[in-house]
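Quick notes on the structure that follows.
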Amino acid sequence: MDPFIMLVLVFVVIVIVALAAVPVFKTNQEEYKRTGKRPKGYYLSLGIAMGIPIGMPIGLALDNIALGPALGAALGVAIGAAMEKKHEKEVRPLTDAEMRMKVRALWIVII
178 MDPFIMLVLV FVVIVIVALA AVPVFKTNQE EYKRTGKRPK GYYLSLGIAM
228 GIPIGMPIGL ALDNIALGPA LGAALGVAIG AAMEKKHEKE VRPLTDAEMR
278 MKVRALWIVI I
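Everything in the sequence shown is counted per the working numbering, starting at 178 for the first residue and increasing by one.
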């Protein structure tokens, strides 16, 4: 497959994921302003979100576009888990609204 087409497909997927995640992040920010704590899984998600874009150029350099984001996600999980453990006193359980939004976003990403 042409590398340009693959990059366009990856870009489209990233845009869809971002659109699905916006309501979740907005709800999280409102709750953070109210409580001063981040939801459980926040730092893990942040680590994965940072790791995937870091891995994409690695995949392109290795001429395997699927390998890069996978390596980046794995690296992000490790970093996010360490951050989650470091900030465990600043983490709160998810509210019902956040849980519903998260499930909706997951279904959008799956579809």
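Virtual Cβ for every residue (Gly too), placed ideally from N, Cα, C. Source: prediction; values computed, not measured.
Between residue i and residue j, what straight-line distance do the alpha-carbon atoms span, to the nearest angstrom?
| i | j | result |
| --- | --- | --- |
| K217 | V187 | 28 Å |
| T272 | I256 | 25 Å |
| M233 | L196 | 20 Å |
| A258 | G224 | 8 Å |
| K210 | A226 | 22 Å |
| I191 | I288 | 13 Å |
| K266 | V254 | 19 Å |
Which same chain residues, not among the five before or five after residue i, have their C-beta less than 8 Å away from its C-beta?
| i | result |
| --- | --- |
| E275 | V201, T204, N205, E208, P216 |
| H264 | R215, Y220 |
Between which two residues does the alpha helix (DSSP H) harbouring residue i extend?
| i | result |
| --- | --- |
| G253 | 244 to 263 |
| E207 | 180 to 212 |
| P234 | 219 to 238 |
Using only CA atoms, which one of the options lies nearest to residue i?
| i | options | result |
| --- | --- | --- |
| T212 | V268, M233, E261 | V268 |
| M278 | V190, V199, P270 | V199 |
| M260 | I288, P230, S222, L239 | S222 |
| L252 | I229, A238, L239, L283 | I229 |
Return the chain-ordered list of same chain residues with a C-beta closer than 6 Å to the C-beta of residue i, the five sequence neighbours on each side being excluded.
| i | result |
| --- | --- |
| I242 | M183, G236 |
For residue i, collect the residues of the same chain with a Cβ closer than 7 Å to its Cβ; drop the 5 residues on either side in sequence, then sort them by chain order.
| i | result |
| --- | --- |
| L248 | G232, I235 |
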